[in-house]
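For the sequence shown, UniProt numbering gives the first residue as 1, with consecutive numbering after it.
Idealized CB from N, CA, C, for every residue including glycine.
Since this is a predicted model, take the numbers as computed values, not measurements.
So the structure is just underneath, and the comments pick up after that.
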Amino acid sequence: MNQGMTRSARVAVAGGLGLLGGGLLGLLAAVRGGGDDATVLWVVVFALVCGPAVAGLAWMLWLGRAEVAATDRAGRDDVERSWFERAASTAFCCTIGGALLFEGLGRALRVDWLAPVTIVHVLLLAGASFGLAYLQARRAEA
Numbered sequence: 001m002n003q004g005m006t007r008s009a010r011v012a013v014a015g016g017l018g019l020l021g022g023g024l025l026g027l028l029a030a031v032r033g034g035g036d037d038a039t040v041l042w043v044v045v046f047a048l049v050c051g052p053a054v055a056g057l058a059w060m061l062w063l064g065r066a067e068v069a070a071t072d073r074a075g076r077d078d079v080e081r082s083w084f085e086r087a088a089s090t091a092f093c094c095t096i097g098g099a100l101l102f103e104g105l106g107r108a109l110r111v112d113w114l115a116p117v118t119i120v121h122v123l124l125l126a127g128a129s130f131g132l133a134y135l136q137a138r139r140a141e142a
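Given below as structure tokens:
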């Protein structure tokens, strides 16, 4: 489908697919939640919140695949990319392990602010572990 389309047309199609996909997710959430009078609100909110992610997914996997592959090939030998990938893999493992550790310690020690691991805990842990791993990778190479 993207053969012969201009870049702006592909971006418009990706945006439309994003809004449609986000709206469908909102409709699914509204139906699953009981289908009350706020169904339109669910659809609109999900379309606006999830639409950009669905549009990005459509762009990466279907509409802008050649551009993504060219960018990927161009940066393959970049040293900062290797630092980023190493830090990302370390941060992923540390986030999973740290969340399990927080949950276990919080329940064992009965610490209220630590026991139910929330998205705030996960985001803080992921950000800190990525930052520290990136700095460590950069210093090891320098």
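- Message: For V44 and A30, I'd like the C-alpha separation in whole angstroms.
- Response: Straight-line measurement puts the Cα of A30 at about 11 Å from the Cα of V44.
- Message: Using 8 Å as the cut-off, can you tell me whether the segment 52-65 makes contact with the segment 82-97, which would need three or more C-beta pairs spanning the two stretches below that distance?
- Response: With the cut-off at 8 Å, the segment 52-65 and the segment 82-97 do not touch.
- Do the CB positions of G23 and A47 come within less than 8 Å of each other? Yes.
- Query: By Cβ distance, which residues of its chain are closer than 6 Å to E103, with the 5 residues on each side in sequence left out?
  - Reply: Apart from the 5 residues on each side of it in sequence, E103 sits with its Cβ closer than 6 Å to the Cβ of V117 in its chain, given in chain order.
- Query: Would you call the segment 56-63 and the segment 80-90 touching, i.e. three or more CB-CB distances under 8 Å?
  - Reply: Note that the segment 56-63 does not touch the segment 80-90; fewer than 3 beta-carbon pairs, one per stretch, sit closer than 8 Å.
- Which value, in whole angstroms, describes the spacing of the CA atoms of G106 and D112? C-alpha of G106 to C-alpha of D112: approximately 7 Å in a straight line.
- Would you kindly report the start and end of the unbroken alpha helix (DSSP H) that includes T6? Segment: none, T6 is in no alpha helix (DSSP H) and carries neither H nor E.
- May I ask you to report which of helix, strand or coil DSSP gives L114? DSSP, read as helix, strand or coil, puts L114 in coil.
- Query: In or out: S8 buried (at least 16 other Cβ within 10 Å) or exposed?
  - Reply: Exposure of S8 is indicated by the presence of fewer than 16 other C-beta atoms within 10 angstroms of its C-beta.
- Query: Hey, would you say A58 sits closer than 8 Å to L25, going by beta carbons?
  - Reply: Cβ atoms of A58 and L25: not closer than 8 Å.
- Message: Need the endpoints of the alpha helix (DSSP H) that A88 sits in, please.
- Response: Judged by DSSP secondary structure, A88 falls within the alpha helix (DSSP H) whose first and last residues are V79 to L109.
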